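What follows is one structure encoded as structure tokens, with my remarks underneath.
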Amino acid sequence: MKKIIKRKRVIWFCFGGILLAAAICLAVFLSPSRQQEYLVFQGNEELIQKTEEQKNEFIIGCSEIPQNSFVCGEAGKTAEQISGFIFEPLVSISASKQVEPKLAREVSFAADGKSVEITLQEKFFSDGSNLTAQDVLSSYMGLSTPGSAYPSKTVLQAIEGMREYQEGDASEITGIEITGVNTLRISFTEASVYNLEALCVPVWKKGEDSPYPIGTGPYQLELFQASQQVVLSENQQSSNPYGYHRIQFVNLPLESLKERLQDFSIDAVTVNGTSGYELMKEAGYFDIYHLSAGNYSYLSFSPQADELLRQTACAVFKRDDFIRSVRNGSEPIDGYIGAEGVTAPLKSGDAFWHLASKLETDRLVERLRKERGEEPIKFLCLDQTKARIYYKELSEQFEAYGLKLEGVFVPDVGQAVQSGTEYDMTYYFGMDQTPEEAIKKNLFEKEEYQSFLGEQLASDYRSLYSELEKWAADRLRLLPVDAKDYYLAVSSDCREEMLNQLTGW
């Protein structure tokens, strides 16, 4: 009898396991993908009539072909995209702040987050040579010379001795130490988000048989014509997840776009305005995605603002109503999109809005009115027409709950904050604030932030941004508002790996 019962338990356990596995698979299958989340127009793949040669080549239209073949040291979106196909960093960070090791096999931060030990994977450059720690050091040095145009030079100043090297006051970077053929140690000035971002430098070297810099990525430079065309061919020393034999970047002004669409010779293009968007939509075979350009705006508070004020403002503020009002009800194509997070404009499952949804608005408003009496909430505002529109909309939202906003109008918000101007909250809409800058402006105690970063880098550097998102929401109550947008039109037959690369997902 006991054996029968035991057998039944085993059967039910196995059956339950099968049901659980099926439920997980169904949930994964039914959950909306990031592609579907930002897809605003679905193209018809049946309209595409390409030759076999065209199917093996991917052509990207752009308006800013780099001037220099040293693309990893050039600024601009196109240079960044080209670089991403040729060169790989120690660690990569996606647009939604997902962190993955690339050239690094092991990444181990110290307990205080101020140094990191790195062990490299076995990788090869396109000329067949092995990747070494010396190649990594040489890449950092080459991109950080005083005359370099590398766009992330400021981020690299988180490394000890980097500022002196960049300014020409030192011949070496004291914070990067080679500890073995495939190992190195990087030391930083303090615990910072930049300590992780400083590991995203593209690793490159001069090729012996190539006039262009070479990397370990899936492609190599085949042809470079400044301001006109860049052609990439497959790197035989690397695996190729994209499946295309060649990639072309071509200079494509808007007026030439329609002509190129007629013979299916463009597979992807970024459009910013209504005319470009409508043209791609009219072609019929492009999937169009609404994406963030990477910068965002947010409401923030004075470090002296108490928790009650922060919570009440988070509960009262209606982001969607705010965006609709200040954008005059225009379609998203002409303006901005709602930002979901502080560390990344497009970040699903955002901690702040989850937290804000749980706040009891009426109770908080009543407590704040009792605490402040007739004292208004001082809103630091740039003294210009655009900023006053934002102030007016916020005032109306707060006044609906019996809370009065008083404008403190200044010619420069940043300078006013630094000079000690008294205020309770402000709105940064310059769209140029990094997560690090946004958080630092709202800190109560720098030591608390340093301690958090150090512990997180040491315990799990890959989840730094998601944990920082929660920390900023719970501790600082930063309110992400909106983000600059752009549209990416991609041929409907585009392979998923290529789409992920173009979007930064």
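With the first letter of the sequence shown counted as 1, position 300 gets the number 300 in the UniProt record's numbering; the numbers rise by one all the way through. Yeah, the Cβ is synthetic: ideal placement off N, Cα and C, and Gly gets one too. Predicted model only: the values in this text are computed from it and were never measured.
Exercise for the section: Assign Lys153 to one of three DSSP states: helix, strand, or coil. Expected result: For the purposes of this step, residue 153 is taken as the residue at position 153 of the sequence shown. The answer is helix: DSSP assigns Lys153 an H, G or I state.
Problem - Those residues which DSSP pairs with Thr270 across a bridge - result: For the purposes of this step, residue 270 is taken as residue 270 along the sequence shown, with counting starting at 1. Leu488, per the DSSP bridge assignment.
Problem - DSSP-derived helix/strand/coil call for Asn195 - result: The count along the sequence shown starts at 1 and reaches residue 195 at position 195. Reduced to three states, the DSSP call for Asn195 is helix.
Handout entry: Beta-carbon spacing of Val326, Glu393 below 9 Å
Key = Your numbering for residue 326 matches position 326 in the sequence shown. Your numbering for residue 393 matches position 393 in the sequence shown. Closer than 9 Å, so yes.
Handout entry: Enclosing alpha helix (DSSP H) for Lys446 [first to last residue]
Key = Counting from 1 along the sequence shown, the entry for residue 446 is found at position 446. Here the alpha helix (DSSP H) through Lys446 covers 446 to 460.
Handout entry: Reference Glu100, options Ser292, Val203, Leu464, closest by Cα
Key = Translated into the one-based positions of the sequence shown, residue 100 becomes position 100. Checking every option, the nearest Cα to that of Glu100 belongs to Leu464.
Exercise for the section: Return yes when the Cβ of Asp287 is within less than 9 Å of the Cβ of Ala95, no when it is not. Expected result: Residue numbering aside, residue 95 sits at position 95 when the sequence shown is read from its first letter. Residue numbering aside, residue 287 sits at position 287 when the sequence shown is read from its first letter. It is not a contact, given that the beta carbons lie outside the stated cut-off.
Problem - Separation of Thr421 from Gly414, as counted between CA atoms - result: Reading the sequence shown from its first residue, position 414 is the one you call residue 414. Reading the sequence shown from its first residue, position 421 is the one you call residue 421. Roughly 10 Å between the two C-alpha positions.
Practice task
Could you pull the start and end residues of the alpha helix (DSSP H) that Asn500 belongs to?
Solution key: Stepping through the sequence shown from its first residue, residue 500 is reached at position 500. Note, Asn500: alpha helix (DSSP H), 496 to 503.
Problem - Range covered by the beta strand (DSSP E) that runs through Gly407 - result: Counting from 1 along the sequence shown, the entry for residue 407 is found at position 407. Where Gly407 is concerned, the enclosing beta strand (DSSP E) stretches over 405 to 410.
Practice task
Would you tell me roughly how many angstroms separate the C-alpha atoms of Gly128 and Gln236, rounded to the nearest one?
Solution key: Along the sequence shown, read from residue 1 onward, the residue named residue 128 stands at position 128. Along the sequence shown, read from residue 1 onward, the residue named residue 236 stands at position 236. Going from the Cα of Gly128 to the Cα of Gln236 covers about 9 Å.
Exercise for the section: Could you tell me the distance, in whole angstroms, from the CA atom of Gln475 to the CA atom of Val342? Expected result: By 1-based counting over the sequence shown, the position of residue 475 is 475. By 1-based counting over the sequence shown, the position of residue 342 is 342. The displayed chain sequence assigns Arg, not Gln, to residue 475. Approximately 13 Å between the Cα atoms of the pair.
Problem - One or two residues paired with Thr426 in a DSSP bridge - result: Here residue 426 corresponds to residue number 426 of the sequence shown, with the count starting at 1. Ser300, Leu380.
Problem - Secondary structure of Arg477, DSSP reduced to three states - result: Start at 1 with the first residue of the sequence shown, and residue 477 comes out as number 477. Note: Arg477 maps to coil in three-state DSSP.
Problem - Assigned exposure category for Glu447 - 16 Cβ within 10 Å defines buried - result: The residue labelled residue 447 in the question sits at position 447 within the sequence shown. By the 10 Å Cβ count, Glu447 comes out exposed.
Practice task
Using a threshold of 9 Å, state whether the C-beta atoms of Thr216 and Thr119 are closer than that.
Solution key: As a position in the sequence shown, residue 216 is number 216, starting the count at 1. As a position in the sequence shown, residue 119 is number 119, starting the count at 1. Contact: no.
Problem - Separation of Phe398 from Gly243, as counted between CA atoms - result: As a working mapping, residue 243 is identified with position 243 in the sequence shown. As a working mapping, residue 398 is identified with position 398 in the sequence shown. Their Cα atoms are separated by approximately 54 Å.
Practice task
Mark Ala111 as exposed unless 16 or more other C-beta atoms lie within 10 angstroms of its C-beta, in which case mark it buried.
Solution key: On the sequence shown, residue 111 is found 111 positions in, with the first residue counted as 1. Result: exposed.
Handout entry: CA-to-CA distance, Gly175 to Glu497, given in whole angstroms
Key = Taking the first residue of the sequence shown as 1, we reach residue 497 at position 497. Taking the first residue of the sequence shown as 1, we reach residue 175 at position 175. Rounded to whole angstroms, Glu497 to Gly175 spans 35 Å at the Cα level.
Practice task
Give the single residue among Asn195, Glu222, Lys378 whose Cα lies nearest to the Cα of Leu90.
Solution key: To locate residue 90, count along the sequence shown from 1; it is residue 90. It is Asn195 whose Cα lies nearest to the Cα of Leu90.
Problem - Close beta carbons around Gln450, own chain, < 7 Å, minus the five adjacent residues each side - result: Walking along the sequence shown from the start, residue 450 turns up at place 450. Cβ within range, chain order: Glu190, Ala191.
Practice task
Measure the alpha-carbon distance for Ser491 versus Ser171 and round it to whole angstroms.
Solution key: Indexing the sequence shown from 1 puts residue 491 at position 491. Indexing the sequence shown from 1 puts residue 171 at position 171. Going by the C-alpha atoms only, they are around 48 Å apart.
Handout entry: Near the ligand NAP: Leu502 beta-carbon under 8 Å from a heavy atom
Key = Absence of the ligand NAP from the depicted structure is noted, as is the absence of any ligand whatsoever, leaving it without description.
Practice task
Measure the CB-CB distance between Gln225 and Arg477 and report whether it falls below 9 Å.
Solution key: Here residue 225 refers to the residue found at position 225 when the sequence shown is read from its first residue. Here residue 477 refers to the residue found at position 477 when the sequence shown is read from its first residue. Result no, Cβ atoms of Gln225 and Arg477 do not sit closer than 9 Å.
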